[in-house]
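Protein chains: 2
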Amino acid sequence: MIQAAVMGFGTIGSGVAEVLDINRDGIIQATGQEIGVKYILDLREFPDSPYGDRIIHDIEVILKDPEVQIVVETMGGVHPAFDFTKRCLEAGKHVVSSNKAVVDAKGTELLAIAREHHVNYLFEAAVGGGIPLIRPLTTSLKGETIQEISGILNGTTNYILTKMSREGQSFARALLTAQELGYAEKNPEADVEGHDTGRKIAILTALATGQEVKFEDLHVEGITHITAEDFLYAKKLGFSVKLVGTSHIEKGKACVYVCPVMVDADNPLYGVNDVYNGVVVDGKTVGKIMFYGSGAGKLPTANAVVSDLVDIAGHLTENAAFGWKEGKFPLKSFETEKFRYYIRISGDPTEDIDGVRAAFGSVKVIEVPELTGEFAVLTGEMEEERFQRVSPAVRGLISSIRVR
Amino acid sequence: MIQAAVMGFGTIGSGVAEVLDINRDGIIQATGQEIGVKYILDLREFPDSPYGDRIIHDIEVILKDPEVQIVVETMGGVHPAFDFTKRCLEAGKHVVSSNKAVVDAKGTELLAIAREHHVNYLFEAAVGGGIPLIRPLTTSLKGETIQEISGILNGTTNYILTKMSREGQSFARALLTAQELGYAEKNPEADVEGHDTGRKIAILTALATGQEVKFEDLHVEGITHITAEDFLYAKKLGFSVKLVGTSHIEKGKACVYVCPVMVDADNPLYGVNDVYNGVVVDGKTVGKIMFYGSGAGKLPTANAVVSDLVDIAGHLTENAAFGWKEGKFPLKSFETEKFRYYIRISGDPTEDIDGVRAAFGSVKVIEVPELTGEFAVLTGEMEEERFQRVSPAVRGLISSIRVR
Chain G
1 MIQAAVMGFG TIGSGVAEVL DINRDGIIQA TGQEIGVKYI LDLREFPDSP
51 YGDRIIHDIE VILKDPEVQI VVETMGGVHP AFDFTKRCLE AGKHVVSSNK
101 AVVDAKGTEL LAIAREHHVN YLFEAAVGGG IPLIRPLTTS LKGETIQEIS
151 GILNGTTNYI LTKMSREGQS FARALLTAQE LGYAEKNPEA DVEGHDTGRK
201 IAILTALATG QEVKFEDLHV EGITHITAED FLYAKKLGFS VKLVGTSHIE
251 KGKACVYVCP VMVDADNPLY GVNDVYNGVV VDGKTVGKIM FYGSGAGKLP
301 TANAVVSDLV DIAGHLTENA AFGWKEGKFP LKSFETEKFR YYIRISGDPT
351 EDIDGVRAAF GSVKVIEVPE LTGEFAVLTG EMEEERFQRV SPAVRGLISS
401 IRVR
Chain E
1 MIQAAVMGFG TIGSGVAEVL DINRDGIIQA TGQEIGVKYI LDLREFPDSP
51 YGDRIIHDIE VILKDPEVQI VVETMGGVHP AFDFTKRCLE AGKHVVSSNK
101 AVVDAKGTEL LAIAREHHVN YLFEAAVGGG IPLIRPLTTS LKGETIQEIS
151 GILNGTTNYI LTKMSREGQS FARALLTAQE LGYAEKNPEA DVEGHDTGRK
201 IAILTALATG QEVKFEDLHV EGITHITAED FLYAKKLGFS VKLVGTSHIE
251 KGKACVYVCP VMVDADNPLY GVNDVYNGVV VDGKTVGKIM FYGSGAGKLP
301 TANAVVSDLV DIAGHLTENA AFGWKEGKFP LKSFETEKFR YYIRISGDPT
351 EDIDGVRAAF GSVKVIEVPE LTGEFAVLTG EMEEERFQRV SPAVRGLISS
401 IRVR
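Set out below in structure tokens:
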């Protein structure tokens, strides 16, 4: 029996205990041993939980018990999760985390501490919920030249955009529905402003390049400015609007950013709807592959945590090469990235198209019967820098979305 | 430097040499060593190939060279590939294969020999081409309770069905195009009769259950009877027609089969088009996840072979727990599986619907303007056994396709 402790008995933490129960037989078959939960660290009491008798309130109990070999960190937030994780690793215990805030802010430091103490710090559950993503990226694609990672990494915003697309709802209305269903938090900023997606694409880029990539260095835009009208034009174009985290890696530099983009039906992300996540990895020899599944949810995310526990159970006495080194991977400015642009313009296409063409060259005009006194255009490909420089001069420009 | 030998210098074999070159730096970074190709075993000479100087014609050279630690088998066909693989494993060399015929027919035996000789027999490239599939299934999902695997596993038939769907072509016409483009072989039987898909779903089921599953025990149907008319009805229903290999695992038994099915837009397989493959794994706690990518092609498939080489480079001296045990996993009869059915019927819906309802109960009638003197119905769910028993009595029944 391998003894684990769980820090933080919220949705994911209690899910981990459940998944270990549901899959007990399979885990014994796979690892030759049962993985048990000896302690659950939480500030609260859970008298009605079947795990209530294992609740403790003092991290020292875990640190001092040599029977506990693996600790699960499902606390959320950077503090005190970081401090607890650090002390567990220093005490020679493996740590498995679902906490992307800690991985983004302190991952480099914790990975180094883990290496130093010959234990593992794994976090499959921090990106893409239940989707096996970090392990395939770092095992199956180890050695492959990764050219691009682009992913729908946040279920909340994907639900909102899917709702807007299918039912013609405004952003505000779709957000409210998401909040009523528990898909979005009362303060939805981390989701709708793209921060959650940003932390995740930063982690994936660090794993792909083997060096540090920090969220605060990325270009990040959210979806609050996307309108029901944009979806009318998108439909006419055969496009879908998605919030995508992208990492474009070329010649030893990465351009990493988060923004809403229009994608066509040939893009595998086009069909990733509702709360699902999808991540496309483009490798030099393997081509484009996609990993798809539940990006959130209690049991799927807990399953990802348990997959790390099972992995560690297979090599309890060694630090497996995993993660990234200290020192930031060189980033390229977002302004150098090339896109086509959908641009919504107030006015009349026959009268106002000349000014648009003067700015952007040849464009395709799109009109939809529902909207009068305005039109949209689809430009050719240009650098973001040029778009930013030229677009302020275009009369009647309402809004724009990048097209990939 | 780790020295490998390649047996069979066809498309995949030469691709392996190329991928090792293209990804040299990444592989050294990942494994700490270069993986080189010391010998290439083939009956032919390749005087113009940059690898021409490494061509040998005698397996003994490989067997007797202690420097060769890993052998790549990309020969195709069961003989002599099986014999060569066996002798390499017995000589203490790891073997990596892309050859699903050998894995299906002789996998159990070869896995046992590998275990006995403390080496590894890996075959990521045998299923799903470049898609990381076998490794995530056997590592990330190790311990998870797999309930179902359903996959589009053959690029040739998926190309043909996509062509029929998009352009209204007949099966014969679409097959001809596929042959002209080199996507289908002159003798397309293995693809269009579902044999290739069958071997692959058998391998995936054996890996998921840990016991032997043989192609010859499966229910296998191909796509030769699918017509352009079926696609007209499918479109009206919002469905797509796909050739799917399915493994439904429940209570220690598996129902494993290959047949064309209609899928709706909510099924992740709906959007898997052209030569792409997609495999949906439904786990009890992780939910539905999909792996998507190029199911064939020189470099993607070679990349999967190289991923196995890189894996083995990390533990050259041990046999990693992988594969399945001897003894067949219990299979359930296909007749017990439940489906809805699309049924195409010659006649007039108002006159002939009573007979259809007498046989199948409440059904939905579908008519398309392009087709007169016929109609189709969509039944409720029933066991395959009942459908087989009742359908011969239905007057005017032209054909049917299962709906999932």
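Residue numbers (the UniProt record's numbering), protein chains in the order written: chain G, 1 to 404; chain E, 1 to 404.
We treat Cβ as the ideally placed atom computed from N, Cα and C, and that holds for glycine.
Query                                                                                                                                                                                : Result
Is it buried or exposed for H195(G), if we count other Cβ within 10 angstroms and need 16 for buried?                                                                                : buried
Just how far apart, CA to CA, sit G278(G) and A105(E)?                                                                                                                               : 35 Å
On the CB-based measure, 16 or more other CB atoms within 10 Å of its CB, does G238(G) come out buried or exposed?                                                                   : exposed
Inspect the beta-carbon positions of A376(G) and Y233(G) and report whether they are closer than 7 Å.                                                                                : yes
Indicate whether I35(E) and L243(E) have their beta-carbon atoms separated by less than 7 Å.                                                                                         : no
When the Cα of G129(G) is compared with those of G295(G), N267(G), N154(G), which residue comes out closest?                                                                         : G295(G)
Return no unless some Cβ of chain E is closer than 7 Å to the Cβ of A125(G).                                                                                                         : no
Considering only their Cβ atoms, is the gap separating T246(G) from S150(G) smaller than 7 Å?                                                                                        : yes
Assuming the contact rule is C-beta atoms closer than 8 Å, V68(E) and I62(E) should be a hit. Round their C-beta distance to whole Å, please.                                        : 6 Å
Measure the CB-CB distance between L153(G) and K200(G) and report whether it falls below 7 Å.                                                                                        : yes
With distances taken between CB atoms, is the gap from G198(E) to L218(E) smaller than 7 Å?                                                                                          : yes
Please report the distance separating the alpha-carbon of Y159(G) from that of K235(G).                                                                                              : 17 Å
Which whole-angstrom value is the C-beta distance of E212(E) and T85(E), which I expect to be below 8 Å?                                                                             : Contact flag wrong, Cβ pair sits at about 17 Å.
Opposite A4(G) in the DSSP bridges: which residues?                                                                                                                                  : V37(G), I70(G)
Which same chain residues end up closer than 8 Å to Y51(G) when comparing Cβ atoms and leaving out the 5 residues on each side of it in sequence?                                    : F9, S14, A17, V37, I40
Can you find at least 3 beta carbon pairs, one from the segment 173–193 of chain E and one from the segment 330–349 of chain G, that sit closer than 8 Å?                            : no
Kindly list the residues whose CB is nearer than 7 Å to the CB of G77(G), restricted to its own chain and excluding five residues on each side of it in sequence; keep chain order.  : A101
Quick one, are the C-beta atoms of G26(G) and G143(E) less than 7 Å apart?                                                                                                           : yes
Kindly list the residues whose CB is nearer than 7 Å to the CB of G210(G), restricted to its own chain and excluding five residues on each side of it in sequence; keep chain order. : W324, K325
Is it true that the CB of A228(G) sits closer than 7 Å to the CB of L331(G)?                                                                                                         : no
Sorted by chain position, which residues of the same chain lie with C-beta nearer than 6 Å to F231(G)'s C-beta, five sequence neighbours on each side aside?                         : M164, S165
Using only alpha-carbon positions, find the residue among A304(G), P66(G), S140(G) that is nearest to A30(E).                                                                        : S140(G)
State the Cα-Cα distance for the pair G355(E) and K251(E), rounded to the nearest angstrom.                                                                                          : 37 Å
With the cut-off set at 7 Å, would you say Y341(G) and F387(G) are in Cβ contact?                                                                                                    : yes
Between which two residues does the alpha helix (DSSP H) harbouring N277(G) extend?                                                                                                  : Unbroken run through N277(G) is the beta strand (DSSP E), 276–283; no alpha helix (DSSP H).
Run through chain G and tell me which residues come within less than 8 Å of Q29(E), C-beta to C-beta.                                                                                : G143, G210
Let me know if L110(E) comes out buried or exposed under the rule of 16 or more other beta-carbons within 10 Å of its beta-carbon.                                                   : buried
Would you kindly work out how many angstroms separate the C-alpha atoms of E384(E) and V192(E), rounded to a whole number?                                                           : 22 Å
Just the chain E side, please: which residues come within less than 7 Å of F291(G) by C-beta, in chain order?                                                                        : F291
Would the beta-carbon of S307(E) fall within 7 Å of that of E73(E)?                                                                                                                  : no
For D274(G), which of G314(G), E45(G), T156(G) has the nearest alpha-carbon?                                                                                                         : T156(G)
Under the rule that 16 or more other beta-carbon atoms within 10 Å means buried, what is M1(G), buried or exposed?                                                                   : exposed
According to DSSP, is R340(E) part of a helix, a strand, or is it coil?                                                                                                              : strand
Cβ of I187(E) less than 7 Å from any chain G Cβ?                                                                                                                                     : Going by the sequence as given, residue 187(E) is Asn instead of Ile. No - not a single Cβ of chain G is within 7 Å of the one on N187(E).
With distances taken from CA atoms, which of L316(E), G314(E), E148(E), A320(E) is nearest G314(G)?                                                                                  : A320(E)
Using a Cβ-Cβ cut-off of 8 Å (strictly less than) and excluding sequence neighbours within five positions of V119(G), which residues of its own chain qualify?                       : L89, G92, K93, H94, V95, N319
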